[in-house]
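**Q** Quick mapping for you: the protein sequence lines, in order, are chains A and B. Each residue of the first sequence is one higher than the one before, counting from 0 in numbering that gives the first Met the number 0. Each residue of the second sequence is one higher than the one before, counting from 0 in numbering that gives the first Met the number 0. We treat Cβ as the ideally placed atom computed from N, Cα and C, and that holds for glycine. Bear in mind that the values here come from a model prediction, so they are computed numbers and not experimental data.
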Amino acid sequence: MESFLNRYRSITVLLLVILAQLVLVAFQVKNDRDVRMIRVWTVTAVTPVARLVEGLRGGSLGFIRNYVMLRDTHEENRRLQAEVGRLKLDNYYLKSELNMAERAKALAVFQSQTPSKTVAATVIGIGAGTNSKVVMVDRGTVSGVERGMAVVTPDGIVGKVITAYPMASSVLLITDPDFAAGVVSQKSRVHGTLKGQGTPVCRVDYVPFEEKVEPGEWLYTSGDDRIFPRGFPVGVVKVVRGAQPFKEILVDPSGMARGLEDVLILVEGVHQPIPDSPPANQPVFIGSPPPADDGKAPDNPRNGPPGAPAGTEADKLRTQYQDIGAAQGHKFGEGVPGSKPPDFNLKPGPAGAPAGSGAAPPPSKAAPPPGGASHP
Amino acid sequence: MSYTGGHILLSSQREGQISRFPAWVMVVVPLGAILFQVYVPLFFEFLSFLEMPLLVVVYFALMRRSQIAGLTVGALVGLAQDSLSKNPLGMLGIVNTLVGYFAASVGLRLDVDHPLIRMLLTFFFFLFHQLFYWLMARALLGQQLAFEVQRTLVLGLLNAVVGISLFHFLDKLRKAT
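(1) Can you list, in chain order, the residues of its chain whose CB lies under 7 Å from that of B:R117, leaving out five sequence neighbours each side?
(2) What residues match up with A:F245 in a beta bridge as DSSP calls it?
(3) By how many angstroms is the C-alpha of B:F168 removed from the C-alpha of B:V160?
(4) Below 8 Å CB to CB, which residues in the same chain sit around A:G230 once its five sequence neighbours on both sides are set aside?
(5) In whole angstroms, give me the CA-to-CA distance for A:G303 and A:K186.
(6) Taking any Cβ of chain B, which residues in the region 35–53 of chain A have a Cβ under 9 Å from it, in chain order?
(7) Below 8 Å on the Cβ atoms is my guess for A:T41 versus B:A79; work out the distance and round it to an integer in Å.
(8) Nearest by alpha-carbon distance to A:R56: which of B:F42, B:L49, B:M90, B:R150 is it?
(9) So with CB distances below 7 Å, who are the chain B contacts of A:D71?
(10) According to DSSP, is A:M166 helix, strand or coil?
(11) Starting from the C-beta of A:L106, find all residues in its chain whose C-beta is less than 7 Å away, skip the five residues before and the five after it, and write them out in chain order.
(12) The ligand SAH and A:I273: does the residue's C-beta get closer than 7 Å to at least one heavy atom of that ligand?
(13) Please say whether B:I33 and B:V76 have beta carbons closer to each other than 8 Å?
(14) A:G241: which of A:E145, A:D204, A:V150 sits nearest, CA to CA?
(15) If you check the beta carbons only, do A:A175 and A:G254 fall under 8 Å apart?
(16) At a cut of 8 Å, does the region 141–154 of chain B reach the region 88–104 of chain B through at least three beta carbon pairs?
(17) A:G126 versus chain B: which residues are under 8 Å apart at the beta carbon?
(18) If you count every other CB in all the chains shown that lies within 10 Å of the CB of A:T117, and 16 or more means buried, which is it?
(19) Just to confirm before moving on: does the CB-CB distance between A:I123 and A:T46 stay below 8 Å?
(20) CB A:L259 to CB A:V233, shorter than 8 Å?
(21) Let me make sure I understand the geometry here. Which of B:L126, B:M135, B:R137, B:Y132 has the alpha-carbon closest to that of B:V148?
(22) Residues of chain A with a CB under 7 Å from the CB of B:P40: which are they?
(23) Is the beta carbon of B:V37 less than 8 Å from the beta carbon of A:A127?
(24) By the DSSP assignment, the beta strand (DSSP E) with A:G234 in it spans what residues?
(25) Using a C-beta to C-beta distance shorter than 8 Å, which residues of chain A count as neighbours of B:T96?
(26) Is any beta-carbon of chain A found at less than 8 Å from that of B:I17?
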């Protein structure tokens with residue numbers, strides 16, 4: 000027996016090690032329990048080195064920025080960024096309250112309620128392994144962090160704490176296939192379950208086919224999962240496909256839109272109402288300014304006569320009617336009912352005198368009243 | 000030991016010398032590889048394709064030419080990777096144990112100082128690692144992970160190229176014989 004074991008020593012050890020690890024996996028999967036001790040050992044071994052490296056990186060970068068390039072500007076920027084983040088949360092809370100009630104009432108409610116208590120944390124590493132959507136943050140049980148706590152940024156939810164160690168915690172990101180959270184749509188208050196897919200886009204399950212959810216609609220946490228307080232932004236609906244029995248909804252999460260470096264762990268979550276309007280920090284499209292007026296005749300007749308002010312079609316039409324009124328001595332808004340309106344078929348000349356009606360605008364019957372041309 | 004000829008198969012056991020490393024190398028290098036995997040992609044996301052712990056396991060197993068040493072390094076590094084992931088402990092441990100064992104077995108028969116052999120072995124073990132993990136995730140955990148063959152082949156090639164440079168660097172940490 001002994002000679003047999005000596006001869007096949009390597010393969011015997013291999014089988015024993017594989018068997019031991021299979022038992023380990025089976026134990027965890029069957030009992031849904033973790034072997035915490037081994038994880039604590041590894042995290043305790045890795046995180047101090049990660050902190051050291053991060054400190055060296057931050058220190059060297061800080062030195063360059065603070066003392067060589069910008070002296071104290073970097074520190075000031077960090078402080079201001081932290082303050083902006085805090086003010087964003089306060090602002091969001093206030094706006095959601097003000098959307099629901101009068102200002103005085105909202106202020107009274109705001110004073111009576113305490114916003115969520117949070118702990119700021121920095122991401123110091125990502126989870127090892129294939130397709131992993133887990134990050135390590137530098138706050139643990141010493142800072143009051145516990146397993147199951149929600150992790151957010153001012154822009155939305157980010158994930159939840161799955162393991163809390165003394166000096167660090169693992170956070171399961173919203174994009175992980177194992178992640179799930181209860182969400183509710185902003186307009187129609189449709190409830191669903193947000194799930195990660197391992198990609199930057201998440202999906203929402205269990206929304207019945209007959210419910211109405213539109214692309215562009217915001218989703219908020221519903222609070223049903225008892226992890227995320229109600230009313231935190233989740234993301235924007237990107238795609239809605241009709242399917243039986245549940246809709247297929249894809250969501251662009253907002254919490255990690257601007258990277259993931261600093262997060263907030265909700266130590267004490269406070270439920271908030273779902274606001275009627277999207278979050279204030281939603282990007283707004285602003286078009287380019289109109290081109291400078293160079294006095295040349297426009298190529299496109301829709302652009303109006305030379306010298307006409309730039310603006311919308313309504314602006315141009317109003318200016319045109321004002322010119323016609325001025326040329327005929329008519330003052331808009333002063334005529335009594337039944338009095339003769341100005342002749343809108345006459346077109347004022349360049350000097351203000353009435354000209355022919357060749358290139359006239361549409362008849363007055365179809366045209367809106369001059370005073371009714373609204374500015375957007 | 001230096002590569003001297005054109006042959007890649009060892010004609011006798013005596014040709015394959017066992018490389019020895021200082022104790023600190025055996026601790027610091029795997030720890031550094033794990034740290035690299037969890038920390039560096041935070042700032043350089045494109046480097047997340049690198050399976051540094053696997054490369055280190057392959058290297059030590061090949062150079063130590065001991066199956067027990069190889070599987071031990073593989074098991075420890077794999078368990079450490081599992082500890083830092085959300086997976087049950089043992090998933091990557093089993094895969095890396097097998098990689099360490101087979102790499103050491105190959106190291107007994109091939110001249111593993113040959114760069115081409117190193118590259119081919121690294122490529123092969125990367126594919127084995129990915130495929131076996133995918134199989135285990137499906138069989139043991141019931142996870143429906145995607146296995147993209149083309150992407151895996153490209154990543155295997157990239158890891159093999161990086162592996163050659165890494166192995167060359169680690170060669171300098173060997174004890175002189």
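**A** So, to answer that:
(1) V111, G162, I163, F166
(2) A:P207
(3) 13 Å
(4) S95, Y219, T220, G222, H270, Q271, P272, I273, P274
(5) Reliability fails at A:G303, whose pLDDT of 45 lies under 50, so the model's placement of it is uncertain and the value that follows must be treated cautiously. Computed Cα separation, rounded: 41 Å.
(6) I37, R38, V39, W40, T41, V42, A44, V45, V48, A49, V52, E53
(7) 5 Å
(8) B:F42
(9) A:D71 does not reach chain B, its nearest Cβ partner there being about 24 Å away, counting only Cβ pairs nearer than 7 Å.
(10) Here A:M166 sits in coil by DSSP.
(11) Confidence at A:L106 is low in this model, with a pLDDT of 33, below 50, so its placement is unreliable and the value that follows should be read with caution. Within the same chain, A:L106 has no close Cβ partners at all.
(12) Annotation note on the ligand SAH: not contained in the displayed structure, which lists no ligands.
(13) yes
(14) A:D204
(15) According to the sequence provided, residue 175 of chain A is Asp. The question's Ala does not apply to it. No, the Cβ-Cβ distance between A:D175 and A:G254 is not below 8 Å.
(16) no
(17) V37, L83, S84, K85
(18) buried
(19) yes
(20) In this structure, A:V233 does not lie closer than 8 Å to A:L259 by Cβ.
(21) B:L126
(22) In chain order: I125.
(23) Taking 8 Å as the cut-off, the Cβ atoms of B:V37 and A:A127 count as close.
(24) 232–240
(25) B:T96 reaches chain A at L13, V16, I17, Q20, counting residues in chain order whose Cβ is nearer than 8 Å.
(26) no
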